[in-house]
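Our numbering applies: residue 52 is where the sequence shown begins, and numbers increase by one.
Working notes, structure below.
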Amino acid sequence: MEQVRLAGETDLAGFRAQARALLARQVPPEAVHWSTATAEEDLFADLPAAAEPVPAPVTPPGASRALVPAAFLRLVETVVLHREPARFSLLYRLLWRLVHEPGLRDDPIDPDMLAAQQMAQQVRRDLHKMKAFLRFRPVPDMGCRDGVLHVAWFEPQHHIVEAIAPWCAKRFTGMDWAILTPERSVRWDGTQLSFGPPARREDAPAADAGEQLWLTYYRSIFNPARLKLDMMRKEMPRRYWHNLPEAVLISELSAQAMERSGQMIEADPSAPERRMPRLPPPQPATPAPVHRILSMADLRTATRACRDCPIGEHATQSVVGEGRLGAPLVFVGEQPGDQEDLQGHPSVGPAGQLLDRALQQAGIDRAAVFVTNAVKHFKYELRGKRRIHKSPTQREAAACLHWLEDELALVRPQACVALGATAARSLLGRPVAVLKERGQWLVRADGLRVLVTLHPSALLRMPAEDQQAGFEGFVRDLGVAAQVTGSRPAPG
Ligand code: URA
């Protein structure tokens, strides 16, 4: 029996070199025993006396190279990451058979090939789950770029840490992070990845205050009528739950879901109360009224009657900004949503709650700033009983611009934050590529500084696996704006 010992669990290069040499010497698969060096052995690999040398593969001179399909090489790369100890013998047997049984390439139900494909599928699923379920928690670390190291604990099913690390470095490139797993750890410092020893769950930080906010938010957006437990268990298998902060809520929320959706079905539709006077159709000869806005009360009255664009006719009421006159910062959203239209206050619905959470993390007190929108009425489309948000057109936003400028004249802020493209265009008077221009101070012709960032509803629409990184980027942008208020980010 030939003994082949690979340098580690994911030693693809070693496997390829050994397999090529065995094949060239015509060693059949049943005559080879494959094993891997363990992590402990790895630790002593530099000590010459203790190291058991991995025999160098010997390829006889002149031996021809085995030609295998490119798809098989890709399969090998993935299957090597599987935790099954017999994966290397399976792969070598397949390689041997591909060379000696030409018919294998066209056999779609060969048991060896099916087994390898199934293993590759399991590895891909594990990679996908790790991307979706990584949850970082911040710990202060003065050695890091922002004084914070983001640490995640994850228990992969297979040997995927090295394979996934470059993806993580690209996705979370702006922050310093470490991922701890029972097999190995990996760290990113903004320029390079470094791999370290296995970790224990206790090495990762415990839940923090930010996480409590996340749970409150998760609870508030949970829609019992949309719950599909089977689908959810399929997408988020139970074995991942103990590392997911939001999973503690799942049993509780799903237990109440039947009752809550029953109540929602039974409840009468809530007819929004109309608070705006119906206006007589405009008289063609009447000159447009000239408004002098000297207070927020004037603005409220004037915007209620505004018909400069068609949106006002269908909204419940106008929604103007709220906050301190003289506030150093004004946050400008797009337009009121369903909740804002019903309640008459800006940013109180789901996107507003997310904004509140981000402001808190960036150390900005909402009571100390002014929050408003580029457009003062809710534009929507009726679908059954539901009012679905529709973005205002450029003309509609332009028609509303003078109200926004009136507000700025009343508040006299030092700077504005534009939440999304509509607000950015209204404030800067030109189209703005939000993703390109976000997070930096831009200056208007009148000297007012404007910082552009995402609209919080864009975060709500992101795929679940992107939301946390999206939220952290949003908080970072708000952190730049916080300089104006002299605030500091909330600790942890
Ligand atoms: N979206 C906004 O832009 N503003 C609000 O007030 C609510 C949702």
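All C-beta atoms in this analysis are idealised placements derived from N, C-alpha and C, irrespective of residue type, glycine included.
Whose C-alpha, out of the options, is nearest the C-alpha of residue i?
| i | options | result |
| --- | --- | --- |
| E391 | E373, G194 and A469 | E373 |
| L502 | E213, V485 and P514 | V485 |
| P464 | T423, K430 and L452 | T423 |
| V370 | Q394, V483 and A82 | Q394 |
| P288 | V383, L350 and H179 | H179 |
| L231 | K221, R186 and G194 | R186 |
| G471 | L505, R343 and G59 | L505 |
| R375 | A474, A419 and A216 | A419 |
| G403 | A171, P507, D416 and A448 | P507 |
| F421 | A469, V531 and R495 | A469 |
| D163 | V130, C195, V383 and D177 | V130 |
| T473 | W492, L493, K487 and L452 | L452 |
| R512 | E432, W492 and L405 | L405 |
| S346 | A460, V399, G154 and R251 | A460 |
| G194 | L165, W239 and M283 | W239 |
Measuring only the C-alpha atoms, how far is residue i from residue j?
| i | j | result |
| --- | --- | --- |
| E128 | R144 | 15 angstroms |
| G363 | G521 | 33 angstroms |
| P99 | D62 | Confidence in P99 is poor, its pLDDT being 40 and thus under 50, which makes the residue's placement unreliable; the coordinate value appears in the next sentence. Going by the C-alpha atoms only, they are around 20 angstroms apart. |
| T536 | A413 | 11 angstroms |
| D93 | R311 | Here the model assigns D93 a pLDDT of 49, short of 50, so the residue's position is not dependable, and the following value carries that caveat. Cα to Cα, the separation comes out at about 55 angstroms. |
| E81 | R270 | 56 angstroms |
| L499 | A466 | 6 angstroms |
| P338 | I344 | Its pLDDT being 49, under 50, P338 is placed unreliably in this model, and the coordinates cannot settle the point. |
| D254 | G388 | 43 angstroms |
| A448 | L410 | 25 angstroms |
| E458 | P401 | 24 angstroms |
| V119 | L146 | 8 angstroms |
| Q519 | Q534 | 23 angstroms |
| K441 | A532 | 28 angstroms |
| R417 | D407 | 7 angstroms |
| R495 | H428 | 25 angstroms |
Would the beta-carbon of residue i fall within 8 angstroms of that of residue j?
| i | j | result |
| --- | --- | --- |
| P256 | V202 | yes |
| G313 | G524 | no |
| R138 | Q208 | no |
| A425 | E456 | no |
| A509 | A183 | no |
| V234 | L266 | In the sequence as presented, Val is not what sits at residue 234; that position holds Glu. No, the Cβ-Cβ distance between E234 and L266 is not below 8 angstroms. |
| V237 | V212 | yes |
| A70 | L126 | no |
| E53 | T87 | no |
| V483 | A475 | yes |
| D528 | G490 | yes |
| E206 | N294 | yes |
| G241 | R196 | yes |
| D227 | L244 | no |
Based on the DSSP secondary-structure assignment, which residues constitute the bridge partners of residue i?
| i | result |
| --- | --- |
| N424 | G384 |
| Y431 | H440 |
| V199 | P191 |
| E373 | V422 |
| F246 | V237 |
| T473 | Answer is none; T473 lacks a bridge partner. |
Closer than 5 angstroms from C-beta to any heavy atom of the ligand URA: which residues, in chain order? G384, E385, P387, G388, E391, P397, S398, A402 and N424
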